[in-house]
Amino acid sequence: MKKTFIADFEDAARPERFLPLRITPLMPGFGAMVDGVDLSRALSSEAQARLRAAWLQFGVIFLRGQKRLSPDRHRELAAIFGAPDAGSHMVEKGAGVDLLITDEGKPPVANTWHSDNTNLEHPSLGTFIQIQDCPPVGGNTMWSSAQRAYEFLSPNMKACLVGLTAVHYWNTRGYREQTHLAARLDAEFLDRVRDYPPVEHPVVLTHPMTGRKSIYVNETYTKFIKGLHVYESRCLMDFLASWIRMPEFCLTHHWQENDIAVWDNFTMQHYALADYSAFRVNQRVTFAVEGQAPQAAAGGAPADAVMA
Ligand SMILES: [Fe+2]
2 MKKTFIADFE DAARPERFLP LRITPLMPGF GAMVDGVDLS RALSSEAQAR LRAAWLQFGV
62 IFLRGQKRLS PDRHRELAAI FGAPDAGSHM VEKGAGVDLL ITDEGKPPVA NTWHSDNTNL
122 EHPSLGTFIQ IQDCPPVGGN TMWSSAQRAY EFLSPNMKAC LVGLTAVHYW NTRGYREQTH
182 LAARLDAEFL DRVRDYPPVE HPVVLTHPMT GRKSIYVNET YTKFIKGLHV YESRCLMDFL
242 ASWIRMPEFC LTHHWQENDI AVWDNFTMQH YALADYSAFR VNQRVTFAVE GQAPQAAAGG
302 APADAVMA
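So for the sequence shown, the numbering used here puts the first residue at 2; every next one is plus one.
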């Protein structure tokens, strides 16, 4: 009998598979808290393999009670999952890491749903962050499983989306209203925007490491879907933006100091709540896996496209 996605996931997500890591699943189908590992110490190859397996299986994993990571250690740990990449050209850099620092003078702005760096030709497959300082309340982050969101689409909608291509790019729309960023809108900044022209990615990707399909359209970077009337494109993108917000596909992480999250940008989208103004430090490394680009899902109707 053909296994369902959920039964298949539950099989693969059995916590004993990941021992000696202790896994606490957070939502049906995605998200897990990982205990039983101290990232400040050398990790056995077995522990590293389990971490990679958990990251791919759950889409986003969290580790709590860790020590503050130096930039060098942060990059070493990210290399368990993939090769640290250049990261976003739009964020501040510290010794080999991205530093996203906010406070009263520079409040948060990244409160739109996205996967990291889909405006690049080679978008980051994964992201590894540590929130090293956080507000006493607020500043939490939401994730949505775009893989699970795809699975729950009707067969007819899947058939409509598979094979389509979307155009992604970064622009300054929205940033001009942020006075603290106005100083960045200088010629050099705008040159950097021009250095990164529009790129194309599949609307539904097949994950290069798991073979699973996910929605790969996000409201931050995706501007339109090719081959459609502009109204059709807008309508489909509005639908997908609202679909991935369904509570069944979302989780919220309430940060404690030095919590770590590692996620898969090909299966997850995220949203940083801009509901605070206190000091917050997000140290981030994005990473790629060589040759693992978002692949277009096979065209035509999926095998399960016939309604029962
Ligand atoms: Fe992000």
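Just so you know, even glycine gets a beta-carbon here, dropped at the ideal spot from N, CA and C.
| Check | Outcome |
| --- | --- |
| According to DSSP, residues forming a beta bridge with Gly127 | Asp265, Phe288 |
| Beta-carbon proximity list for Ala298, same chain, < 6 Å, skipping 5 on both sides | Val163, Val205, Thr207, Lys214 |
| Near ligand 1: Asp117 beta-carbon under 7 Å from a heavy atom | yes |
| Test: Leu237 CB closer than 8 Å to a CB of chain D | This model lacks chain D altogether, as it is built from one protein chain only. |
| For Ala48 and Asp196, the rounded distance between their alpha carbons | 40 Å |
| Selected residue, minimal CA-CA separation from Asp117, among Thr211, Arg281, Val263, Tyr277 | Val263 |
| Nearest neighbour of Gly32, chosen from Ala43, Thr221, Leu52 [CA to CA] | Leu52 |
| Contact set for Ile62: own chain, Cβ-Cβ below 6 Å, skip 5 residues either direction | Ala33, Val35, Ala55, Trp56, Val263 |
| Separation of Asp39 from Trp114, as counted between CA atoms | 31 Å |
| Under 8 Å between C-beta atoms of Gln257 and Gln133 | no |
| Between the CA atoms of Asp260 and Lys1 - distance to the nearest angstrom | In this structure the chain extends from 2 to 309, so residue 1 is not present and cannot be described. |
| Candidates Arg65, Gly66, Pro85, of which the one nearest Asp73 by Cα | Pro85 |
| Exposure label - Glu152; buried when at least 16 CB within 10 Å | buried |
| Other residues of its chain near Arg246: CB distance less than 8 Å, five sequence neighbours each side excluded | Trp114, Ser145 |
| Bridge-paired residues (DSSP) for Leu100 | Glu93, Gln284 |
| Cα-Cα separation between Pro295 and Ala150, rounded to whole angstroms | 17 Å |
| Local conformation of Asp117 per DSSP, three classes | coil |
| Short Cβ contact (8 Å threshold) for Gly88 with Thr223 | no |
| Gln133 (DSSP reduced to helix, strand or coil) | strand |
| Cβ separation of Gly127 and Phe82, assumed to be a contact under 8 Å, to the nearest whole Å | 5 Å |
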